[in-house]
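Residue numbering for the sequence shown is 25 to 295, as defined by the numbering used here. All residues carry an ideal CB built from backbone N, CA and C; glycine is no exception. Since the structure comes first, as structure tokens, the remarks are kept for the end.
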Amino acid sequence: MLALPLTLDAVRRPEYTGENRCLPCTGVNIVLAAAGALALAAFVSTPVALAAFALALAAIYVRGYLVPGTPALTARYLPDRVLRAFDKRPARDAGDLDVLDTLSALGAVVETPDSDVGLAPDFDAEWRARMVASDTTTPRTADLAALLDADPADIDVQYHGDGACSVFCGPDIVGRWESPAAFNADVTADAVLDARDEWRALPLTHRGELLAALRACLDTCPACHGRVELGADTVASCCRSVDVAAADCTQCGARLFEVELDPRVLDAANV
Numbered sequence: 025m026l027a028l029p030l031t032l033d034a035v036r037r038p039e040y041t042g043e044n045r046c047l048p049c050t051g052v053n054i055v056l057a058a059a060g061a062l063a064l065a066a067f068v069s070t071p072v073a074l075a076a077f078a079l080a081l082a083a084i085y086v087r088g089y090l091v092p093g094t095p096a097l098t099a100r101y102l103p104d105r106v107l108r109a110f111d112k113r114p115a116r117d118a119g120d121l122d123v124l125d126t127l128s129a130l131g132a133v134v135e136t137p138d139s140d141v142g143l144a145p146d147f148d149a150e151w152r153a154r155m156v157a158s159d160t161t162t163p164r165t166a167d168l169a170a171l172l173d174a175d176p177a178d179i180d181v182q183y184h185g186d187g188a189c190s191v192f193c194g195p196d197i198v199g200r201w202e203s204p205a206a207f208n209a210d211v212t213a214d215a216v217l218d219a220r221d222e223w224r225a226l227p228l229t230h231r232g233e234l235l236a237a238l239r240a241c242l243d244t245c246p247a248c249h250g251r252v253e254l255g256a257d258t259v260a261s262c263c264r265s266v267d268v269a270a271a272d273c274t275q276c277g278a279r280l281f282e283v284e285l286d287p288r289v290l291d292a293a294n295v
């Protein structure tokens, strides 16, 4: 009875499946598998073609890839606009969430004398006090559960080689942070804002966006208290490279904030 699960575990490639699955590469593999099945149907028989296609889909599901070198093939032959379409998050209606106005109403940010935006002094002081008093290296399930309105027993944290961590509630991924320091910033900011009735009335997706915006305002690292600098970076995914604006600690290297830059803005800037 255990032979099949053990065999699947032996061939499974978690670095290419689950949350790490690359959708463009998966799509390319399915197209190639379908093309191969059509060829078998034409030159051999339909039952053989269907069996081969089923096996190919199983391999893609378990291993992520069917054809070796898929990322290189995908990056070479698919236009960037197609690759980018796979990565797009669902668009929200304009005006659905005004980040600056909402954070201002919550008393978390204020306009600075030079017409910029900064953390409100009272919020800043309480937030930093909580960050100093908290564990900056290991996301705690109790904090995550409070932030996500979930049962702590259902929370599972998985770490990645780049320092990021993903959070699952049961089988579903519910959050991803650039680093444990970024996680610490979010759960402590959430704890400060929790005293405001209007905060808990916001949808979880909106709260996550607001917490990320607050992280972008930090000038010192929650982990080592080093200086945080905002700059541009290029992040390599499975089959494409993405230009991002990122906030990194100059002392410990923790990434606190990352957002993809609109290529149209970059093109305009390079004109």
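- A direct Cα-Cα distance of roughly 32 angstroms separates A205 from T50.
- Annotated as distal: C276 and V252, with beta-carbon spacing of 8 angstroms or more.
- Taking C-beta atoms as the reference points, A240 and A213 fail to come closer than 8 angstroms.
- G194 and R224 have their C-alpha atoms roughly 23 angstroms apart.
- Remark: three or more beta-carbon pairs, one from each stretch, lie closer than 8 angstroms, so the region 232-248 and the region 122-139 are flagged as touching.
- Around the C-beta of A166, fewer than 16 other C-beta atoms lie within 10 Å, and the residue is accordingly described as exposed.
- E202 sits in coil when the DSSP states are folded into three classes, being neither helix nor strand.
- Setting aside the 5 residues that flank it on each side, A80 is surrounded in the same chain by A57 and L90, each with a C-beta closer than 6 angstroms to its C-beta; the list follows chain order.
- The C-alpha of F77 lies about 42 angstroms from the C-alpha of P227.
- The Cβ atoms of A73 and A59 do not sit closer than 8 angstroms to each other.
- Counted as a single uninterrupted DSSP element, the stretch harbouring D180 is not any alpha helix (DSSP H) but the beta strand (DSSP E) occupying residues I179 to Y183.
- For L280, the enclosing beta strand (DSSP E) has its first and last residue at R279 to E284.
- For C49, the uninterrupted alpha helix (DSSP H) run begins and ends at L47 to F67, by DSSP.
- Between S203 and R279, the C-beta spacing is below 8 angstroms.
- In this chain, the alpha helix (DSSP H) harbouring G232 covers L228 to R239.
- Non-local C-beta neighbours of F192 in its own chain, meaning closer than 6 angstroms and more than five positions away in sequence, comprise D180, ordered along the chain.
- When the five nearest sequence neighbours on each side are left out, the beta carbons in the same chain lying within less than 6 angstroms of the beta carbon of P246 are those of M155, T160, A205, N208 and A209, in order along the chain.
- Of the residues assessed, E222 falls on the exposed side of the cut-off, its CB having fewer than 16 other CB atoms within 10 angstroms.
- For the set A65, T70 and N53, the Cα lying nearest the Cα of R87 is the one of N53.
- With fewer than 16 other beta carbons inside 10 angstroms of its own, V55 counts as exposed.
- With fewer than 16 other beta carbons inside 10 angstroms of its own, G131 counts as exposed.
- In the three-state scheme derived from DSSP, where H, G and I count as helix and E and B as strand, S158 is classed as coil.
- Bridge pairing for L254: A271 [DSSP].
- A residue is called buried once 16 or more other Cβ atoms fall within 10 Å of its Cβ, and P176, having fewer, is exposed.
- As computed with DSSP, T244 is found in a beta bridge with R251.
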